[in-house]
Every structure is written in C-alpha cells, then in structure tokens.
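Student: For the sequence shown, counting from 1, position 163 maps to 163 in UniProt numbering; every step adds exactly one. Where is the CB? At the ideal position from N, CA and C, for every residue including glycine. Here's a structure for you.
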Amino acid sequence: MAGLTCAHCGQGFADEWATACIEGHERMADEVSWAEPQPIQSSGTSQPVTPVADHQVQVLVNLDGRAMTIARNDFVLGRQRTADSPLAHLLDNYPNVSRNHVQVSVLHDHFLIVDEISTNNTFVDETPIRGLGPQRLEARGSLRLARNCYLSLAILDDPAGRR
Numbered sequence: 001m002a003g004l005t006c007a008h009c010g011q012g013f014a015d016e017w018a019t020a021c022i023e024g025h026e027r028m029a030d031e032v033s034w035a036e037p038q039p040i041q042s043s044g045t046s047q048p049v050t051p052v053a054d055h056q057v058q059v060l061v062n063l064d065g066r067a068m069t070i071a072r073n074d075f076v077l078g079r080q081r082t083a084d085s086p087l088a089h090l091l092d093n094y095p096n097v098s099r100n101h102v103q104v105s106v107l108h109d110h111f112l113i114v115d116e117i118s119t120n121n122t123f124v125d126e127t128p129i130r131g132l133g134p135q136r137l138e139a140r141g142s143l144r145l146a147r148n149c150y151l152s153l154a155i156l157d158d159p160a161g162r163r
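Written out as structure tokens, the structure reads:
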C-alpha cells in the first residue's frame, strides 16, 4: 500500500488505520461535520435501510492511498455526484463503478453494505454480494467495487466518546 501522508505537515501515518500522524495532527479533523442521521432509500430493488447507530460516527475510508473521514451514518458510493455520495469526485477515475454502486450504513460496531444492482458487482472481503441483499462488513473491513476499486473502511470513535 502506498504511504499515507498528513495534509498538515507531510509526515507519515503509522498504518492505514491511524487517526493521527506521527506529529499528532488529527487526520482530516478540519473537514468533519456532524449531521443528523437520515434513512437511506435504495435506488435499486433492495428495501430502505435506517441506520440504528444512536450517534454519529466517523468512517475512515482509504482509496488510492488517500485517507478521508466521512462523518455520516449512511452514504452512497458511486460516480454520481449527489449529497449522499461524498466520494463521487474520486470514483470518477473508475469507469466500471456504477453511478450508485453501493449503500453503506453504520450499525453500531459494523457496516451494512447493500449493492445497488451494480453492473460490475460489489465484493465484501472479496465475496461477491450483488443481488444478495444487505451484507455485514466488520468495523475494519475491505470493500471492492467492480474490478479494481479497492476501499478500506473503519468505524472511528465519535467526538463525544460514545463508542
């Protein structure tokens, strides 16, 4: 995996899950917002999912050696630029990723992943899940969209320490 560097000082992170660089800067702390959780509606054939997390959490996403935090209990991963798809600008580099590829919900200590009947499948820890309905992904798990879009997801503590 390519080395991750701090946007503040350029120093490295100990590993892909580190939340602060070796100088102590919080990763992406200045971009964190704590919005109210909203139910997500499936654009495919699956049923709507309402996250059951009782508080907002930060989700650490690693994509192409970049680490980003998303302060939401639910979001969509895909190329279509919407308010529900915070990484669409990065997923544009993957033409085999669908516009609305997958829904991600945080459920206390794990993720719930729903493939949106994507053209090129979704893989939870390298197991294909298209058409299987909601699938569990552990709090630190790997997700692959289509053939070559690899992501690592991790649930981080919320700022109030309720996790």
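Tell me which same chain residues have a C-beta within less than 6 Å of the C-beta of L91, skipping the five on either side of it?
Tutor: R79 and V97
Student: Would you check if there are 3 or more beta carbon pairs closer than 8 Å linking the stretch 101-111 to the stretch 135-151?
Tutor: yes
Student: Among the candidates D125, G133, S105 and N100, whose CA atom is the shortest distance from the CA of Q58?
Tutor: When only C-alpha atoms are compared, the closest one is S105.
Student: Can you give me the C-alpha to C-alpha distance between P134 and L143, rounded to a whole angstrom?
Tutor: 14 Å
Student: Could you check the C-alpha separation between N73 and L63 for me, to the nearest Å?
Tutor: 19 Å
Student: Identify every residue that forms a DSSP beta bridge with Y94.
Tutor: According to DSSP, which records beta bridges pairwise, Y94 is partnered with nothing at all.
Student: Go to A154, then tell me how far its beta strand (DSSP E) extends in each direction, as first and last residue.
Tutor: C149 to L156
Student: Among all the DSSP beta bridges, which residues are the ones paired with H110?
Tutor: According to DSSP, H110 shares a beta bridge with L107 and E138.
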